[in-house]
Structure formats: C-alpha cells, structure tokens
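Protein chains: 2
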Amino acid sequence: MVSLDSMTVTASTSTAKKRAELLRPDGSPVRVLVVDDEASLAELLSLALRYEGWDIRAEGDGTAALRAAREWRPDAVLLDVMLPDMDGLTVLGRLRHELPEVPVLFLTAKDAVEDRIAGLTAGGDDYVTKPFSLEEVVARLRGLLRRAGAAAGRSESLLAVGDLLLDEESHDVWRGGQEIHLTATEFELLRYLMRNPRRVLSKTQILDRVWSYDFGGQANVVELYISYLRRKIDAGRAPMIHTRRGAGYLIKPGG
Amino acid sequence: MVSLDSMTVTASTSTAKKRAELLRPDGSPVRVLVVDDEASLAELLSLALRYEGWDIRAEGDGTAALRAAREWRPDAVLLDVMLPDMDGLTVLGRLRHELPEVPVLFLTAKDAVEDRIAGLTAGGDDYVTKPFSLEEVVARLRGLLRRAGAAAGRSESLLAVGDLLLDEESHDVWRGGQEIHLTATEFELLRYLMRNPRRVLSKTQILDRVWSYDFGGQANVVELYISYLRRKIDAGRAPMIHTRRGAGYLIKPGG
DNA sequence: GTCACCGCATGAAGATCCGCATGAAGATCC
DNA sequence: GGATCTTCATGCGGATCTTCATGCGGTGAC
Numbered sequence: 001m002v003s004l005d006s007m008t009v010t011a012s013t014s015t016a017k018k019r020a021e022l023l024r025p026d027g028s029p030v031r032v033l034v035v036d037d038e039a040s041l042a043e044l045l046s047l048a049l050r051y052e053g054w055d056i057r058a059e060g061d062g063t064a065a066l067r068a069a070r071e072w073r074p075d076a077v078l079l080d081v082m083l084p085d086m087d088g089l090t091v092l093g094r095l096r097h098e099l100p101e102v103p104v105l106f107l108t109a110k111d112a113v114e115d116r117i118a119g120l121t122a123g124g125d126d127y128v129t130k131p132f133s134l135e136e137v138v139a140r141l142r143g144l145l146r147r148a149g150a151a152a153g154r155s156e157s158l159l160a161v162g163d164l165l166l167d168e169e170s171h172d173v174w175r176g177g178q179e180i181h182l183t184a185t186e187f188e189l190l191r192y193l194m195r196n197p198r199r200v201l202s203k204t205q206i207l208d209r210v211w212s213y214d215f216g217g218q219a220n221v222v223e224l225y226i227s228y229l230r231r232k233i234d235a236g237r238a239p240m241i242h243t244r245r246g247a248g249y250l251i252k253p254g255g
Numbered sequence: 256m257v258s259l260d261s262m263t264v265t266a267s268t269s270t271a272k273k274r275a276e277l278l279r280p281d282g283s284p285v286r287v288l289v290v291d292d293e294a295s296l297a298e299l300l301s302l303a304l305r306y307e308g309w310d311i312r313a314e315g316d317g318t319a320a321l322r323a324a325r326e327w328r329p330d331a332v333l334l335d336v337m338l339p340d341m342d343g344l345t346v347l348g349r350l351r352h353e354l355p356e357v358p359v360l361f362l363t364a365k366d367a368v369e370d371r372i373a374g375l376t377a378g379g380d381d382y383v384t385k386p387f388s389l390e391e392v393v394a395r396l397r398g399l400l401r402r403a404g405a406a407a408g409r410s411e412s413l414l415a416v417g418d419l420l421l422d423e424e425s426h427d428v429w430r431g432g433q434e435i436h437l438t439a440t441e442f443e444l445l446r447y448l449m450r451n452p453r454r455v456l457s458k459t460q461i462l463d464r465v466w467s468y469d470f471g472g473q474a475n476v477v478e479l480y481i482s483y484l485r486r487k488i489d490a491g492r493a494p495m496i497h498t499r500r501g502a503g504y505l506i507k508p509g510g
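The listed protein sequences correspond, in order, to chains S and X. Residues in the first sequence are numbered consecutively from 1, following my numbering. Residues in the second sequence are numbered consecutively from 256, following my numbering.
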C-alpha cells in the first residue's frame, strides 16, 4: 500500500537520494568508463556524465580500456563498438572475463545495428545508436546501474514532482492519478525537467540534453514542445511548468 | 492519494521474488555450470544466465567440467553433448557419480540421434537443440531447478498479469478463464513479456532473447508476432500489450 | 506616460519521415 | 499436406520539425 506521501518524500529528498543512487557501497562515487576513439564525443560524454555525479575515466581504444577496467574497476562501461584496435565483441568478451558483473552500454552507428550487435543485449546490457541525445545515454546508464545494483536494494524508476509521476521503466506518466500519453520526445523532455525540479533550464541546455548532438534545427522546437507538454500536463490544472523570461524553464509543484 | 498500489507492489516484489527463486537454502546464489567448447556460445550463455541471477562458471571440455563439478558443486549443469575430449554419455556417467542429484540440461545439435538423447534425459534431465533461444534455455533450466528444489518448497510455474495466465510447465495459456492456443514462438514471446511486466522491452532485446542466437533476419518479425499475440490475447478485450513508439513493447493489466 | 520592441506562447498548415500493423506469398518442418 | 514460420510489400497514421502568423506582456527609450 503506497500513498502519495512516499512519492512526495522521494521528490523532496531527491538530492539526497540522487547522491545515494550514485554511491557505491563503500561511499565512493560510481565509476563509469567511457571508451570512444572520437575524442570530441568522448569529451562530450565525459562532461555530461561527470555532471551526473559519476566518476569518469575515458579511453580511446580497446587495449587501454581493458587496462583501465582491470586497474580502475568501473561500475559500468560505455563502449563504442567501433574501435581502432579491437572488435566490440572482443572487447566485451575480455571485459567480461575481467569484470563479469559490470553492465555495458554500447554505442553504435545506426546502420550497423543489425549485423554485429545481435546478442549483446541478452545479458542485460543495452545499446544506443548514434546520433544519440545525452538524456538517452544517461537514462540508459542509470537503468543499467539500477538493475545491476538491484541486489544492493536500491531500485526506483519513479520520478515524482508534486502529483506528477513518471515511470522510467514503463514510460508511463500520471498526473493526479490520471494517465497521460506522451510521445517519445515529449517524454524525454519531461524526464529532463523532472530530474531537475525547481531549477531553471535554458533552452540551449535543453536542446543539448534532449535532442541529438547533431541536431541542426532551430531552438524554438523547445518552445513548441514545452507548449505540447503544457497542453497535456498542465491543462486545466495548477501549472507546474513555468517560464523564466530570458532564462529558461523550470518545473515545480504548484505554489 | 493515488491508487498505484498494484503497480508499486508488483515493482517492489519483482526483485524480491526473483531473488527468492535464485537462492539456495543457505542463502547463496544458485550455481550453474556451463560446459561448451564453443567459446562464443559459452560466453553468450554465461551472460544470459548470470543476468538471471545465477552464479555461473564455464568450462570448455569434459575433464575441466568434471573437476569443476567436484570442487564447485553446482546446482545444475548445462552440458553440450559434443565435447572435444569426451562423449556426452561418459561425462554424464561420471557427473552422476560425483553429483547424483544434480539436474542436467543437454545442448545438442538438431540432427543428433534422438534415441540417445532420450536415454540421456530419462532421469528427469532435459535437453535443448541448437540453435536455441535464450528464453528456452533459461526456462528449461528454471524448470529443472524448480523440480529439483521442489522439496525445498518453492515451485511456481504460473505467470499472471491481470486476468492473463501462463503455465510454464504445461504451456497452457488462459485469459479470463478461456484457454488460448499459441504456437511455440508466440508462447515464448508472451512468456518473455510476462516475465517483465510493465517494463518496455525493445525489439532488439526481444530478438536477442526469444529468437535463436543465430537468427539473421529483420527485427520486424517481432512486430509480426506481436500482432499475432494481440489477435489471440487482446481480441475484443481491454488491450494488455502496448506499443511505446520508438521504445518497444510492454505488457500490463488493463488500465 | 506612451510607444515600440523583444521574448515567448500558441495555433495552424504542411512536408517529410519513420514506425508500425497487417495481408499475402514463399519456405520449412513434421 | 497442413501447420508453422519467415520474408516481402504495402498502406496508414503518428511524430517531428519547419514556417508563418497572431497575440500577449514585460521592458526600456524617450
């Protein structure tokens, strides 16, 4: 039996909880190893993931990655399947030999999905196709860590802000007990807002986070999608999505 | 106050339940010994089974397997009948000598002589022909463990989601008291969905899990079989199989 | 105080594209 | 030969993004 109270607790303690989610049993931050030979991408990913509160280390090829895995013992690995010196499957095999339990998130080109990725998600790993959005990578990494750490007792895929609920696993969204259907982009935008409640997010930030890194369009798509969200979430209720002129948007419980 | 009870309960118990099934009487995880000389297959199996929560050890030939059995004392053995150094029958005999009670799941080529396999499985063991799907191996292993551990009190082969019931042993499926006939593939797909209720499963995940590991076809077979399932399960009723555009599919009780 | 401007909200229309559902034919297995 | 499985092909509609237009409100210039 669960009441909204517990959810609200989840929301209000979000900062503390967030940190709890990001800590290993011994209290040190969760470690994520980023492996990509494209320096600018590795840089982008490292920045974004570090901002999530994780301890990041980046390597550019399979050999270095395996060494890092052995010595540094990360809690998760973000692995480009196209590396200069080694096949993705080979890296995975040796990685597993070294760290049997560590979850892996693969990065792969869109058109390469069919040939070599088969079987990679069978062990509970996951993959993301390029070009991706940072939100997607972060969300999937969190999902992997959540499932891997389930044995340690922390598993919560529910986000809550006021009476607004979002389940990252089922992609369901409710407001005040009523289910709301969102499109993929709307969902990612809302998730980003809800992961940063009461904080102003600029349109640029939102674009960089929610849209693919190679998105070339105009920034007013953000305005458009905010308006979509308002229509579905705030319609006829106390608004939770607020505009800060000249600054950006934020979400917060009515008040 | 929100009526999320059923959902929250499901979510919270899924982990606990899974774990209960996977523990030996002394609280340590169930041990499964994987014996296959094909490294990539052993790798794939180890991945998938480890993800199920079992403790896995892999060996590549009969001699090593017997040593592992003696020292590590697994709760079940996954045994390829074609090994480089030893006949399957021989391995089984010596294994029985070492661990009389342990259930064995044989892996065999499709064209292998049927009667010999039948002889092998006489003692309550089971077998799977290559190429197999991971769902099938996992399900049969679970069945073997269930029967072997029945004395320990845990035996539940029924999956339920809403008014939809699936019996993993008899392969019977009912919805609202009415029996539904499914083909083999449809059954495996439904089982996979029902073992992960309220969770979005991507088409790739489903392919990796439900279809054979050597399947080379396109991902739209998944769409096709989803549509078959819908026809049989959701026909004229409140739909339980839902599409999450751009994400995948999930099953959940009407709501 | 008045006026012009700028940032933002929203609507509408439309083009494109992708995801998906489904029908039907071919292949395979028992 | 019938059930089952798979591939092929087609069509629909949803989703995304662009563009244009209108309106609102706050802000600063004067």
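From the three backbone atoms N, C-alpha and C, an ideal C-beta is built for every residue, glycine too.
C-alpha distance - residue i paired with residue j, whole-angstrom precision
i         : j         : result
X/Ala-323 : X/Leu-338 : 15 Å
X/Arg-519 : X/Glu-353 : Because chain X is modelled from 256 through 510, residue 519 of chain X falls outside the range shown and cannot be assessed.
S/Gly-123 : X/Ala-331 : 19 Å
S/Arg-94  : S/Leu-23  : 26 Å
S/Thr-204 : S/Leu-193 : 13 Å
X/Leu-421 : X/Leu-414 : 5 Å
X/Pro-355 : X/Ser-412 : 25 Å
X/Met-341 : S/Leu-107 : 41 Å
S/Ser-46  : X/Tyr-483 : 44 Å
S/Leu-182 : S/Leu-41  : 29 Å
X/Pro-508 : X/Gly-398 : 26 Å
S/Leu-141 : S/Asp-125 : 10 Å
S/Thr-63  : S/Leu-145 : 24 Å
X/Glu-434 : S/Leu-105 : 40 Å
X/Arg-557 : X/Val-465 : The displayed coordinates of chain X run from 256 to 510. Any statement about residue 557 of chain X would go beyond what the structure contains.
X/Arg-450 : X/Leu-456 : 11 Å
S/Glu-306 : S/Pro-103 : The question about residue 306 of chain S has no answer here: the residues shown for chain S are numbered 1 through 255.
S/Glu-136 : X/Ser-467 : 28 Å
X/Asp-335 : S/Tyr-225 : 54 Å
X/Thr-305 : X/Leu-288 : The question names Thr, yet the displayed sequence has Arg at residue 305 of chain X. The alpha-carbon atoms of X/Arg-305 and X/Leu-288 are separated by roughly 11 Å.
X/Met-495 : X/Val-416 : 9 Å
S/Leu-89  : S/Lys-232 : 43 Å
X/Asp-316 : X/Arg-402 : 27 Å
S/Asp-234 : S/Glu-223 : 15 Å
Host beta strand (DSSP E) of residue i (start-end)
i         : result
S/Thr-108 : 104-109
X/Thr-384 : 381-385
X/Leu-413 : 413-416
X/Leu-419 : 419-422
Alpha helix (DSSP H) segment containing residue i, residue limits
i         : result
X/Gly-398 : 389-403
X/Lys-458 : 458-465
S/Arg-198 : Premise fails: S/Arg-198 is in no alpha helix (DSSP H) and is neither H nor E.
S/Ala-48  : 39-51
X/Val-346 : 343-353
S/Ile-226 : 220-229
CB contact check: residue i to chain S, cutoff 7 Å
i         : result
X/Ser-416 : Sequence check: residue 416 of chain X is Val here, not Ser. X/Val-416 does not count as touching chain S.
X/Arg-453 : yes
X/Arg-499 : yes
X/Thr-459 : yes
X/Asp-463 : yes
X/Glu-293 : no
Under the three-state DSSP convention, the category residue i falls into
i         : result
S/Lys-252 : coil
S/Val-81  : coil
X/Glu-314 : strand
X/Arg-430 : strand
X/Arg-286 : strand
S/Ala-247 : coil
X/Ala-319 : helix
X/Leu-445 : helix
X/Ile-496 : strand
X/Ala-331 : strand
X/Leu-375 : helix
Neighbour flag for residue i against chain X, beta carbons, 7 Å
i         : result
S/Ser-170 : yes
S/Thr-129 : no
S/Gly-149 : no
S/Ala-184 : yes
S/Thr-90  : no
S/Ala-122 : yes
S/Gly-217 : no
S/Gly-143 : no
8 Å contact criterion, which residue i and residue j should meet: CB distance rounded
i         : j         : result
S/Glu-169 : X/Arg-446 : With a Cβ gap of about 19 Å, S/Glu-169 and X/Arg-446 do not count as contacting.
S/Val-30  : S/Leu-66  : That pair is no contact at about 20 Å.
beta-carbon residue i near the ligand MG non-hydrogen atom, thresh 6 Å
i         : result
X/Val-465 : In terms of ligand content, the structure shown is empty, and the ligand MG therefore cannot be addressed.
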